[in-house]
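Next comes the structure, spelled out in structure tokens:
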């Protein structure tokens, strides 16, 4: 039986909080399991470095993701290369798994225009900072793919707060009516900045909202990477190639917690207790998977140390690359608005260039 | 300038010209598809898409749920992945329901993708009063979109412009808002029949040459101003310029006309304050101030709503008589 058939009120788990196997593990090779572990470790280290860069004034406001690695890495691993990924603003680990280099994510949060540009080879949509706006995009792109005869899946991330938005309803309703190959993945991290999950919806689970749209909803332990992988893999397979009695879309609710702030601009101790944070830290996905991999002989001290060293090197290299990027040129603000620069905009650019020539850039920069 | 090799034309209505453009572009490019409320078998509440579902199938002429943010957003997602959706929003008064998807998403998608993503979406919508549809179905909102960076906005007045501009809009790699004045669907005119005929977005058309005053008119008011110019022949020589595109706006053509006539009247059905009229006047003042012999005049809707009451609606909508009054003030 597919895990998607279990209904939206039963939480799927494969590894318990102690790293013991409590459900059927997905079929993943030893190398793939270790790769998932490495991506989660990389994400945790990247996150700490990114927060530190912001604190040192080397980067802009940044949304941390510690605690959410299993949901991001487990789900993105379930995609094939040709599938599409629609991120919100916190999916740094998921986008990395799907082909976006770390330095590009750093450039984005450093405010470089070049950070907006996703690599051509990665099927990753632009980062959505307004809440839930990417949901109709994922539905529309998925529907367009079916018009073209493509058989790809479209995985769309959003948070618990996004489920209160009109775009969530309109996007999922449209997907249900037109049976689009979309997997809606809710990273329910319990808090929308300072507003708790129970103030977003009176529904018992977020997953159950799928019932009203006419497709499957499933709740998964979002801090269990193997459960997340299994659920997403099945949802993606169904999106591409459903049985005659199945609908393509799925709503996955991954229950998890963000250990840190919503972004570097807020202080979570104002709205939630340390006890609550500690309780969730007990479910940390990284030690959970590490225990399982060690106990099954797939990891040992030597391999863990080697992985740690390699990820630190990888993140350092990404920071160096991002910080070596040239300062953005004012021309980029104008040239990227339309396919071709309209005359009026060209005149406005020329006005700015005359000012720069006359006074120099230093006059315009706040140091 | 019309880009066509075949110069033949046919007399047709504004509505049929739009339908012809849709049909030709759907035949030309498999990536073009239509969606919106009641656009399928029903053919649209103004019958513009009638017959297209039969010709192209319901996959490409798609009735959607009543869900403006949903279908505009879906169009944005489809366009960003290489399709050319043509989305119908039944009345421009409903654009506000999908404002986030248009203003923050559609308009900024290329920019937010670092210039790398095409956004070949066309939004067709109706505007204008005159059919007793009351204030929530009669507005003229095109200024909002002409104002907003990242969007091109066109508002044709003739069958020729409707066909040529809609085809250019569909082929454009930028989002284009296509505003249809619902009072001129029955207006007839000559339309080039060549399937390769297009009109460039951003070019005005001098619809009638004259010496004494330039009337920059849009949509229904183009026809009204042309009739008025005929009436005034021998008394006042009126030049009628239709900008056709609101963004980009063809400043050169407008200024060139005012340099000849020295007088400017702007006639557009949007509300008078902070609007399309103000932009046209400002550009003439910026670039042609010293050719002005009289203060520029604006003709539009007062800063109120369009009433349900037919007599009140007639009062509030700008007509040829209002253009006449404005001309009398400056000539």
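Residue numbers (the numbering used here), protein chains in the order written: chain A, 1 to 367; chain B, 1 to 331.
No residue lacks a Cβ here, since even glycine has one placed at the ideal position from N, Cα and C.
All values derive from a computational prediction rather than experimental measurement.
- Closer than 8 Å to chain B by CB, residue 147 of chain A: Residue 147 of chain A counts as touching chain B.
- Item | Residue from B/208, B/144 and B/108 whose Cα sits closest to the Cα of residue 79 of chain B | Among B/208, B/144 and B/108, the Cα nearest to that of residue 79 of chain B is on B/108.
- Message: I'd like the span of the alpha helix (DSSP H) that includes residue 355 of chain A, first residue to last.
- Response: That run of the alpha helix (DSSP H) goes 343 to 359.
- Message: Check whether chain A comes within 8 Å of residue 100 of chain B, counting only Cβ atoms and requiring the distance to be less than that.
- Response: Answer yes: the Cβ-Cβ gap between residue 100 of chain B and chain A drops below 8 Å somewhere.
- Give the residues from the segment 165 to 186 of chain A that approach chain B closer than 7 Å (Cβ to any Cβ), ordered along the chain. Residues 166, 167, 170, 171, 173, 174 and 177.
- Query: Under 8 Å between C-beta atoms, does residue 64 of chain B make it to chain A?
  - Reply: So yes, residue 64 of chain B belongs to the interface.
- Round the Cβ separation of residue 267 of chain B and residue 225 of chain B to the nearest angstrom and send it over; I've been treating them as touching at under 8 Å. In this structure residue 267 of chain B touches residue 225 of chain B by the C-beta definition: roughly 6 Å separates them, less than 8 Å.
- Taking only beta-carbon positions, decide if residue 244 of chain B is within less than 8 Å of chain A. Not one chain A Cβ lies under 8 Å of residue 244 of chain B.
- Tell me, which residues are paired with residue 36 of chain B by DSSP? Within the DSSP secondary-structure output, residue 36 of chain B pairs in a beta bridge with B/63 and B/88.
- Could you give the distance in angstroms between the alpha-carbon of residue 203 of chain B and the alpha-carbon of residue 243 of chain B? If I take the Cα positions, the gap works out to 7 Å.
- Between the CA atoms of residue 123 of chain A and residue 21 of chain A - distance to the nearest angstrom: Between residue 21 of chain A and residue 123 of chain A, the C-alpha separation is close to 33 Å.
- Message: Against chain A, does residue 197 of chain B count as a neighbour if the rule is that its beta carbon must be under 8 Å from one of theirs?
- Response: No Cβ of chain A is located within less than 8 Å of the beta carbon of residue 197 of chain B.
- Any Cβ of chain A within less than 8 Å of the Cβ of residue 302 of chain B? Judged by the 8 Å Cβ criterion, residue 302 of chain B is not in contact with chain A.
- Task: Name the residue from B/168, B/157 and B/130 whose alpha carbon lies nearest to the alpha carbon of residue 123 of chain B.
- Result: If we check each option's Cα against that of residue 123 of chain B, B/168 comes out closest.
- Using a cut-off of 8 Å between C-beta atoms, extract the partners of residue 334 of chain B located in chain A. The question about residue 334 of chain B has no answer, for chain B in this structure spans 1 to 331.
- Positions along the segment 110 to 123 of chain B whose CB lies within less than 8 Å of some CB in chain A: Of all residues in the segment 110 to 123 of chain B, 110, 111, 112, 113, 114, 115, 116, 117 and 118 have a Cβ within less than 8 Å of some Cβ in chain A.
- Task: Would you list the one or two residues that DSSP bridges to residue 189 of chain B?
- Result: DSSP lists B/12 as partners of residue 189 of chain B.
- Cβ contact check for the segment 247 to 263 of chain A and the segment 221 to 229 of chain A: 3 or more pairs under 8 Å: Contact between the segment 247 to 263 of chain A and the segment 221 to 229 of chain A is present, with at least three C-beta pairs closer than 8 Å.
- Any chain B beta carbon closer than 8 Å to residue 72 of chain A: Residue-level contact by beta carbon fails for residue 72 of chain A and chain B, as no gap is shorter than 8 Å.
- Give the interface partners of residue 149 of chain B over in chain A, defined as CB-CB distance under 7 Å, in chain order. Result: 337.
- Message: Cβ closer than 9 Å: which chain B residues qualify as neighbours of residue 109 of chain A?
- Response: Correct list: empty, because the minimum Cβ distance to chain B is about 14 Å.
- Range covered by the beta strand (DSSP E) that runs through residue 179 of chain B: Element bounds for residue 179 of chain B: 176 to 181.
- In whole angstroms, what separates the C-alpha of residue 259 of chain B from that of residue 253 of chain B? Taking the straight line joining both Cα atoms gives about 10 Å.
- Message: On the DSSP letters alone, give me the boundaries of the alpha helix (DSSP H) that residue 245 of chain B sits inside.
- Response: Counting along the chain, residue 245 of chain B falls outside any alpha helix (DSSP H), though it belongs to the beta strand (DSSP E) covering 245 to 247.
- Task: On the DSSP bridge assignment, give the partners of residue 125 of chain B in chain order.
- Result: Residue pairing for residue 125 of chain B: DSSP places it in a beta bridge opposite B/89 and B/179.
- Message: If you follow the alpha helix (DSSP H) that residue 225 of chain A is in, where does it begin and where does it stop?
- Response: Residue range 225 to 240 is occupied by the alpha helix (DSSP H) that includes residue 225 of chain A.
- Are residue 74 of chain B and residue 139 of chain A closer than 8 Å when you measure CB to CB? The Cβ-Cβ distance between residue 74 of chain B and residue 139 of chain A falls below 8 Å.
- Closest by C-alpha distance to residue 64 of chain A, when choosing among A/274, A/329 and A/92: The option with the nearest alpha carbon to residue 64 of chain A is A/92.
- Item | Residues of the segment 151 to 169 of chain B with Cβ closer than 8 Å to any Cβ of chain A, in chain order | Cβ contacts with chain A come from 152.
- Query: What is the DSSP secondary structure of residue 265 of chain A, reduced to helix, strand or coil?
  - Reply: Coil.
- Query: Going along the chain, which residues of the segment 33 to 51 of chain B sit with their C-beta nearer than 7 Å to a C-beta in chain A?
  - Reply: Flagged, chain order: 33.
- Item | Under 8 Å between C-beta atoms of residue 283 of chain B and residue 214 of chain B | With a cutoff of 8 Å on beta-carbon distance, residue 283 of chain B and residue 214 of chain B are scored as not near each other.
- Under 7 Å between beta-carbons, which chain C residues line up against residue 248 of chain B? List them in chain order, please. Absent from the structure: chain C. Protein chains present are A and B.
- Query: Of all Cβ atoms in chain B, is any one closer than 8 Å to the Cβ of residue 125 of chain A?
  - Reply: Interface residue (Cβ-Cβ distance to chain B less than 8 Å): residue 125 of chain A is classified as such.
- Express the C-alpha separation of residue 117 of chain A and residue 131 of chain B in angstroms, rounding to a whole number. For residue 131 of chain B and residue 117 of chain A, the distance between alpha carbons rounds to 47 Å.
- Item | Residue from A/211, A/161, A/97 and A/335 with nearest C-alpha to residue 194 of chain A | It is A/161 whose Cα lies nearest to the Cα of residue 194 of chain A.
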